[in-house]
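What follows is one structure encoded as C-alpha coordinates, with my remarks underneath.
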Amino acid sequence: MERWQNRVAVVTEASSGIGAAIAADLVKAGLVVVALARRETRLQEIKKALQADQQQRYHPIKCDVTNEEDIKKAFAWVEKDLGGTDILVNNAGAFHYGVNLVDSDNSGVIHKIVDTNVKAVAFCVREAFNSMKKRDFAGHVIIINSVAGHTSEITSISPGAVMTEGVPDLFKNSGIPYLNPEDISSALLYVIATPPNVQIYELTIEPVSGRNVSNMEPQN
1 MERWQNRVAV VTEASSGIGA AIAADLVKAG LVVVALARRE TRLQEIKKAL
51 QADQQQRYHP IKCDVTNEED IKKAFAWVEK DLGGTDILVN NAGAFHYGVN
101 LVDSDNSGVI HKIVDTNVKA VAFCVREAFN SMKKRDFAGH VIIINSVAGH
151 TSEITSISPG AVMTEGVPDL FKNSGIPYLN PEDISSALLY VIATPPNVQI
201 YELTIEPVSG RNVSNMEPQN
(Lines of atoms letter the chains of each structure in order from A and count residues from 1; the text may use other names and numbers.)
(Lines give C-alpha, C1' and ligand atoms only; values in the text may rest on other atoms or scores of the structure.)
Protein backbone atom coordinates (compact mmCIF):
# COMPACT_ATOMS: atom_id res chain seq x y z
CA MET A 1 0.00 0.00 0.00
CA GLU A 2 3.01 2.29 0.19
CA ARG A 3 2.63 3.57 -3.35
CA TRP A 4 -0.92 4.69 -2.58
CA GLN A 5 -0.06 6.82 0.44
CA ASN A 6 -1.85 10.18 0.20
CA ARG A 7 -3.25 9.24 -3.19
CA VAL A 8 -6.88 10.12 -3.91
CA ALA A 9 -9.56 7.46 -4.01
CA VAL A 10 -13.15 8.19 -5.03
CA VAL A 11 -15.73 5.77 -3.61
CA THR A 12 -19.35 5.77 -4.78
CA GLU A 13 -22.33 4.90 -2.58
CA ALA A 14 -20.15 5.39 0.45
CA SER A 15 -22.84 6.26 3.01
CA SER A 16 -23.44 2.68 4.18
CA GLY A 17 -22.54 -0.97 3.73
CA ILE A 18 -19.64 -1.96 1.51
CA GLY A 19 -18.92 1.56 0.31
CA ALA A 20 -18.75 2.96 3.83
CA ALA A 21 -16.40 0.18 4.93
CA ILE A 22 -14.15 0.61 1.90
CA ALA A 23 -13.95 4.39 2.31
CA ALA A 24 -13.08 4.12 6.00
CA ASP A 25 -10.48 1.40 5.44
CA LEU A 26 -8.80 3.37 2.64
CA VAL A 27 -8.50 6.40 4.91
CA LYS A 28 -7.02 4.22 7.66
CA ALA A 29 -4.58 2.80 5.10
CA GLY A 30 -3.24 6.29 4.41
CA LEU A 31 -5.21 7.37 1.34
CA VAL A 32 -7.23 10.52 0.79
CA VAL A 33 -10.84 9.49 0.22
CA VAL A 34 -13.67 11.29 -1.52
CA ALA A 35 -16.89 9.62 -0.38
CA LEU A 36 -19.84 10.09 -2.73
CA ALA A 37 -23.45 9.42 -1.78
CA ARG A 38 -26.86 11.06 -1.75
CA ARG A 39 -27.08 11.00 2.07
CA GLU A 40 -24.64 13.74 2.99
CA THR A 41 -25.70 13.64 6.65
CA ARG A 42 -24.74 9.98 6.85
CA LEU A 43 -21.35 10.73 5.25
CA GLN A 44 -20.73 13.40 7.88
CA GLU A 45 -21.57 10.91 10.64
CA ILE A 46 -19.04 8.46 9.22
CA LYS A 47 -16.42 11.18 9.10
CA LYS A 48 -16.98 12.10 12.75
CA ALA A 49 -16.47 8.47 13.75
CA LEU A 50 -12.94 8.53 12.31
CA GLN A 51 -9.88 9.60 14.26
CA ALA A 52 -9.01 13.28 14.02
CA ASP A 53 -6.06 12.81 11.67
CA GLN A 54 -8.13 10.53 9.45
CA GLN A 55 -11.00 13.01 9.26
CA GLN A 56 -8.70 15.42 7.46
CA ARG A 57 -8.30 12.90 4.65
CA TYR A 58 -12.01 12.05 4.36
CA HIS A 59 -14.04 14.30 2.05
CA PRO A 60 -17.80 13.68 1.92
CA ILE A 61 -19.60 14.96 -1.16
CA LYS A 62 -23.31 14.76 -1.84
CA CYS A 63 -23.66 13.12 -5.25
CA ASP A 64 -26.40 11.21 -7.02
CA VAL A 65 -24.46 8.99 -9.42
CA THR A 66 -27.55 8.58 -11.62
CA ASN A 67 -27.18 12.29 -12.39
CA GLU A 68 -24.37 12.96 -14.85
CA GLU A 69 -24.05 16.60 -13.80
CA ASP A 70 -23.59 15.56 -10.16
CA ILE A 71 -20.80 13.23 -11.23
CA LYS A 72 -19.09 15.91 -13.30
CA LYS A 73 -19.23 18.39 -10.43
CA ALA A 74 -17.86 15.89 -7.93
CA PHE A 75 -14.91 14.88 -10.09
CA ALA A 76 -14.26 18.51 -11.03
CA TRP A 77 -14.00 19.29 -7.31
CA VAL A 78 -11.56 16.43 -6.85
CA GLU A 79 -9.50 17.77 -9.75
CA LYS A 80 -9.49 21.34 -8.45
CA ASP A 81 -9.05 20.74 -4.73
CA LEU A 82 -7.14 17.45 -4.53
CA GLY A 83 -5.26 17.31 -7.82
CA GLY A 84 -7.15 14.46 -9.48
CA THR A 85 -8.49 10.93 -9.07
CA ASP A 86 -5.96 8.13 -8.58
CA ILE A 87 -8.33 5.29 -7.63
CA LEU A 88 -12.01 4.85 -8.45
CA VAL A 89 -14.16 2.38 -6.54
CA ASN A 90 -17.49 1.92 -8.31
CA ASN A 91 -19.65 0.52 -5.54
CA ALA A 92 -23.06 1.97 -6.39
CA GLY A 93 -25.54 -0.61 -7.60
CA ALA A 94 -29.29 -1.12 -7.87
CA PHE A 95 -30.95 -4.44 -7.15
CA HIS A 96 -34.68 -5.18 -7.11
CA TYR A 97 -35.72 -8.54 -5.78
CA GLY A 98 -38.71 -10.20 -7.39
CA VAL A 99 -38.82 -8.01 -10.50
CA ASN A 100 -39.37 -9.94 -13.71
CA LEU A 101 -37.49 -8.61 -16.72
CA VAL A 102 -40.45 -9.21 -19.02
CA ASP A 103 -43.14 -7.59 -16.84
CA SER A 104 -44.98 -4.89 -18.76
CA ASP A 105 -45.02 -2.45 -15.83
CA ASN A 106 -41.35 -2.56 -14.85
CA SER A 107 -40.04 0.33 -16.99
CA GLY A 108 -39.22 2.45 -13.95
CA VAL A 109 -37.20 -0.31 -12.36
CA ILE A 110 -35.29 -1.00 -15.59
CA HIS A 111 -34.45 2.70 -15.96
CA LYS A 112 -33.17 2.83 -12.37
CA ILE A 113 -31.04 -0.29 -12.78
CA VAL A 114 -29.54 0.92 -16.06
CA ASP A 115 -28.95 4.44 -14.70
CA THR A 116 -27.16 3.10 -11.61
CA ASN A 117 -25.43 -0.07 -12.82
CA VAL A 118 -24.49 1.01 -16.34
CA LYS A 119 -24.62 4.76 -16.96
CA ALA A 120 -23.23 5.79 -13.58
CA VAL A 121 -20.34 3.35 -13.89
CA ALA A 122 -19.54 4.58 -17.40
CA PHE A 123 -19.65 8.25 -16.40
CA CYS A 124 -17.51 7.74 -13.30
CA VAL A 125 -14.94 5.66 -15.18
CA ARG A 126 -14.80 8.34 -17.89
CA GLU A 127 -14.08 11.12 -15.41
CA ALA A 128 -11.55 9.08 -13.43
CA PHE A 129 -9.75 7.81 -16.53
CA ASN A 130 -9.44 11.29 -18.02
CA SER A 131 -7.99 12.54 -14.76
CA MET A 132 -5.41 9.76 -14.74
CA LYS A 133 -4.60 10.19 -18.42
CA LYS A 134 -4.11 13.93 -18.12
CA ARG A 135 -1.54 13.40 -15.37
CA ASP A 136 -0.02 10.31 -17.02
CA PHE A 137 -0.73 8.40 -13.82
CA ALA A 138 -1.30 4.64 -13.75
CA GLY A 139 -4.27 4.57 -11.41
CA HIS A 140 -6.76 1.85 -10.61
CA VAL A 141 -10.47 1.36 -11.34
CA ILE A 142 -12.39 -1.18 -9.27
CA ILE A 143 -15.99 -2.23 -9.87
CA ILE A 144 -17.83 -3.97 -7.05
CA ASN A 145 -20.05 -6.56 -8.74
CA SER A 146 -22.42 -9.16 -7.32
CA VAL A 147 -22.97 -12.87 -7.73
CA ALA A 148 -26.61 -11.91 -8.30
CA GLY A 149 -25.54 -10.77 -11.73
CA HIS A 150 -24.36 -14.29 -12.55
CA THR A 151 -27.44 -16.28 -11.60
CA SER A 152 -30.13 -15.26 -14.05
CA GLU A 153 -31.60 -17.31 -16.88
CA ILE A 154 -29.66 -15.23 -19.36
CA THR A 155 -26.54 -16.50 -21.14
CA SER A 156 -23.77 -13.93 -21.47
CA ILE A 157 -21.38 -14.55 -24.37
CA SER A 158 -18.24 -12.41 -24.10
CA PRO A 159 -16.03 -12.50 -27.20
CA GLY A 160 -12.51 -11.20 -27.47
CA ALA A 161 -11.48 -9.28 -30.60
CA VAL A 162 -13.66 -10.24 -33.57
CA MET A 163 -12.81 -9.39 -37.18
CA THR A 164 -15.87 -7.47 -38.36
CA GLU A 165 -16.50 -4.49 -40.61
CA GLY A 166 -16.39 -2.30 -37.51
CA VAL A 167 -12.71 -2.99 -36.85
CA PRO A 168 -10.65 0.09 -37.84
CA ASP A 169 -8.16 -0.48 -40.68
CA LEU A 170 -5.39 0.52 -38.29
CA PHE A 171 -5.96 -2.67 -36.29
CA LYS A 172 -6.72 -5.13 -39.09
CA ASN A 173 -3.05 -5.65 -39.97
CA SER A 174 -1.61 -5.03 -36.52
CA GLY A 175 -0.88 -8.66 -35.76
CA ILE A 176 -3.57 -8.82 -33.09
CA PRO A 177 -5.24 -12.26 -33.11
CA TYR A 178 -8.92 -12.11 -34.04
CA LEU A 179 -11.91 -14.38 -33.84
CA ASN A 180 -14.24 -14.73 -36.81
CA PRO A 181 -17.95 -13.92 -36.57
CA GLU A 182 -18.62 -17.59 -37.30
CA ASP A 183 -16.77 -18.49 -34.07
CA ILE A 184 -19.32 -16.52 -32.07
CA SER A 185 -22.18 -18.02 -34.01
CA SER A 186 -20.83 -21.50 -33.26
CA ALA A 187 -20.69 -20.61 -29.59
CA LEU A 188 -24.30 -19.49 -29.64
CA LEU A 189 -25.37 -22.72 -31.31
CA TYR A 190 -23.44 -24.64 -28.67
CA VAL A 191 -25.22 -22.75 -25.90
CA ILE A 192 -28.73 -23.36 -27.21
CA ALA A 193 -27.96 -26.99 -28.09
CA THR A 194 -27.45 -27.98 -24.46
CA PRO A 195 -30.15 -30.22 -22.94
CA PRO A 196 -32.93 -28.68 -20.80
CA ASN A 197 -31.15 -29.60 -17.57
CA VAL A 198 -28.02 -27.63 -18.56
CA GLN A 199 -27.73 -23.85 -18.35
CA ILE A 200 -24.61 -21.98 -19.54
CA TYR A 201 -24.57 -18.64 -17.75
CA GLU A 202 -21.31 -17.23 -19.04
CA LEU A 203 -19.08 -18.08 -21.98
CA THR A 204 -15.85 -16.20 -22.65
CA ILE A 205 -14.22 -16.69 -26.05
CA GLU A 206 -10.72 -15.50 -26.84
CA PRO A 207 -8.62 -15.97 -29.98
CA VAL A 208 -5.61 -18.23 -29.57
CA SER A 209 -2.52 -16.02 -29.64
CA GLY A 210 1.07 -16.98 -30.20
CA ARG A 211 1.57 -16.85 -26.44
CA ASN A 212 -1.32 -19.25 -25.88
CA VAL A 213 -0.01 -21.64 -28.49
CA SER A 214 3.50 -21.68 -27.05
CA ASN A 215 2.07 -22.37 -23.63
CA MET A 216 0.38 -25.50 -24.98
CA GLU A 217 3.54 -26.90 -26.53
CA PRO A 218 5.07 -29.85 -24.65
CA GLN A 219 8.00 -28.87 -22.48
CA ASN A 220 11.27 -30.81 -22.63
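Going by full-length UniProt numbering, the letters in the sequence shown line up with residues 1 to 220, in that order. We put the CB at the ideal spot given by N, CA and C, even for glycine. Since this is a predicted model, take the numbers as computed values, not measurements.
- The three-state secondary structure of Ile-46, taken from DSSP, is helix.
- The beta carbons of Leu-88 and Cys-124 sit closer together than 8 Å.
- Taking C-alpha positions only, Ala-20 is separated from Leu-189 by approximately 44 Å.
- Separation of Glu-68 and Ile-143 (C-alpha to C-alpha, rounded to the nearest whole angstrom) is 18 Å.
- Here DSSP, grouped into helix, strand and coil, assigns Ala-128 to helix.
- For Tyr-58, the enclosing beta strand (DSSP E) starts and ends at 58 to 62.
- Bounds of the alpha helix (DSSP H) holding Ile-113 are 107 to 114.
- According to DSSP, Glu-202 shares a beta bridge with Ser-156.
- Linking Ser-15 to Arg-42 through their CA atoms gives a straight-line distance of about 6 Å.
- Between the segment 70 to 86 and the segment 130 to 141, the count of C-beta pairs closer than 8 Å reaches three or more; the two stretches touch.
- DSSP places Ala-161 in the coil class of the three-state scheme, outside both helix and strand.
- The continuous stretches of beta strand (DSSP E) do not include Val-167, and DSSP gives it neither H nor E.
- Using a 10 angstroms sphere on the CB of Pro-168, the tally of other CB atoms stays under 16, which defines it as exposed.
- Taken through DSSP and simplified to helix, strand or coil, Ile-143 comes out as strand.
- Between the segment 112 to 123 and the segment 161 to 178, the count of C-beta pairs closer than 8 Å stays below three; the two stretches do not touch.
- Look at Val-118 here: in three-state DSSP terms it is helix.
- The Cβ atoms of Ala-187 and Leu-203 sit closer than 8 Å to each other.
- Between Lys-62 and the set Val-34, Gln-56, Leu-50 and Lys-80, the nearest pair of CA atoms involves Val-34.
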